[in-house]
Amino acid sequence: MPKRPEIGDPTKSKWLDEIGDVANETNEIRAPTDSKTDKMEAARMIVIRRRKMKKHKLKKLRRKMKFEWAKVRQRREMRKEKAFQAKLLAQIKDAEAFNAAKFVADKIQQAKETPLPRHWKGRRLPAFIIKEKLGIK
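Residue numbers (UniProt numbering): 1 to 137.
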């Protein structure tokens, strides 16, 4: 014959009895033995924590120094811009001082000149000695 479910007292549940049993148990608390216990290390956690701290400190430093660094960048850009403007002004002055007629005359004069030889009787000599030998001032 199959077992019928037990109909019991609905006001009292079984788990209250179990809690009562656990509460009534008296276990002695003893100090751990001197045997070697496994040492727990969290080296990787320390590395991660350090990295997070560095990141935090860097963010904090950037927030703090944001405008000071912007000033430094701005000054650097101003110096570069001033140097560029000075270079442009120098180029403009050179362009204004350029004389096309004089330039052409100089180029024609250079083309007409004969170059000074670099060798004298098979030996390479400095220009001033060759001029001396040729009798040129």
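Idealized CB from N, CA, C, for every residue including glycine.
Please read all numbers here as calculations on a predicted model, not as lab measurements.
Segment limits, alpha helix (DSSP H) that includes residue i
{"i": "Lys131", "result": "127-134"}
{"i": "Arg4", "result": "Run containing Arg4: none; DSSP gives neither H nor E here."}
Sequence-distant residues of the same chain with beta carbon closer than 6 angstroms to residue i, five excluded per side
{"i": "Ile136", "result": "none"}
{"i": "Lys133", "result": "Trp120"}
Three-way DSSP call (helix, strand, coil) for residue i in this model
{"i": "Arg123", "result": "strand"}
{"i": "Met40", "result": "coil"}
{"i": "residue 194", "result": "Given that the chain is displayed from residue 1 to residue 137, the structure contains no residue 194 and the question cannot be resolved."}
{"i": "Ala83", "result": "helix"}
{"i": "Arg30", "result": "coil"}
{"i": "Glu96", "result": "helix"}
{"i": "Glu113", "result": "coil"}
{"i": "Lys52", "result": "helix"}
Proximity test, Cβ basis, 8 angstroms: residue i and chain C
{"i": "Thr33", "result": "Judged by its chain identifiers, the structure shown contains no chain C, having just a single protein chain."}
Spatial neighbours of residue i in its chain, beta-carbon cut-off 8 angstroms, leaving aside the 5 residues before and after
{"i": "Ala86", "result": "none"}
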